[in-house]
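First residue of the sequence shown: 1, per full-length UniProt numbering; consecutive thereafter. Below you'll find the structure, written out as C-alpha cells, and then a few comments.
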Amino acid sequence: MAEFVKDVMTPGVVAVRPDASLVEAAQLMRAQNIGDVVVADGQQVVGVLTDRDITVRAVAEGVDPLTVSARTVCTPDPVTVAPHDPVSAAVELMRAHAVRRLPVVENGLPVGMVSLGDLAEAQDPDSVMADISRAEPDVRGGA
Numbered sequence: 001m002a003e004f005v006k007d008v009m010t011p012g013v014v015a016v017r018p019d020a021s022l023v024e025a026a027q028l029m030r031a032q033n034i035g036d037v038v039v040a041d042g043q044q045v046v047g048v049l050t051d052r053d054i055t056v057r058a059v060a061e062g063v064d065p066l067t068v069s070a071r072t073v074c075t076p077d078p079v080t081v082a083p084h085d086p087v088s089a090a091v092e093l094m095r096a097h098a099v100r101r102l103p104v105v106e107n108g109l110p111v112g113m114v115s116l117g118d119l120a121e122a123q124d125p126d127s128v129m130a131d132i133s134r135a136e137p138d139v140r141g142g143a
C-alpha cells in the first residue's frame with residue numbers, strides 16, 4: 001500500500017494563466033484528456049479549475065466562455081499537499097474540504113495532482129472507483 005502522496009500522485013502539472021479564457025482552459029483539458037487544470041500566476045498556484053467549474057459556474061449561468069477568465073471561475077487558494085505527506089493526510093484533506101483533487105506542491109511549486117481516483121487505486125485497487133479510474137476516457141466527443 002502506498003505510503004506517501006508522491007507514490008500515488010499524477011506527476012507533472014497542466015496549468016493555465018489566471019487571465020486565460022475558459023475556452024482556452026477547456027481546449028487544454030480536452031487535448032490532455034484531463035478534467036482539471038491548475039491556475040498559476042507565474043509559479044504560484046492560485047486556483048484549480050475543473051470541467052465542472054466551467055459547466056456549472058459559467059456555461060450554466062450563460063456567461064461567454066471566450067471572455068470569462070479562469071481566475072473568475074476557479075476555486076481560489078486551493079488546499080494542497082506535499083509529495084512527502086502521508087497518503088492519509090491527502091485523504092483527510094479531501095474529506096474535510098469536500099474536494100476530489102489536490103495540487104501537489106513542493107517548495108512552492110506545483111509538481112503534480114492527486115485525485116480521489118488515484119487514492120482509490122492505491123488504497124483499494126479492487127474497488128469500483130479504482131476500476132473507473134483505470135478506464136480509458138470516452139473521447140468520442142458526442143453525447
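We treat Cβ as the ideally placed atom computed from N, Cα and C, and that holds for glycine.
To the nearest angstrom, report how far apart residue i and residue j are at their CA atoms.
i, j, result
"V81", "V105", "6 Å"
"R57", "A89", "29 Å"
"L102", "R17", "18 Å"
"G42", "E121", "32 Å"
"K6", "D118", "11 Å"
"V48", "A2", "25 Å"
"M9", "V91", "12 Å"
"residue 178", "T75", "Because residue 178 is not part of the residues shown, which for the chain are 1 to 143, the question remains open."
"S115", "R100", "6 Å"
Within 10 angstroms of its Cβ, does residue i collect 16 or more other Cβ (buried), or is it exposed?
i, result
"T50", "buried"
"G108", "exposed"
"G62", "exposed"
"D53", "buried"
"D64", "exposed"
"A40", "buried"
"D19", "exposed"
Nearest to residue i by alpha carbon, out of the options?
i, options, result
"V46", "T67, V23, V73, A60", "V73"
"S69", "L93, S21, P76", "S21"
"Q44", "V99, L93, D77", "D77"
Taking only three categories from DSSP, how would you classify residue i?
i, result
"T75", "strand"
"E3", "coil"
"G117", "helix"
"R100", "coil"
Go through the UniProt domain "CBS" (9-66) residue by residue and report every complete run of the alpha helix (DSSP H) that reaches 4 residues or more, in order. With a minimum length of 4 residues, the continuous alpha helix (DSSP H) runs that stay inside the UniProt domain "CBS" (9-66) are 22-32.
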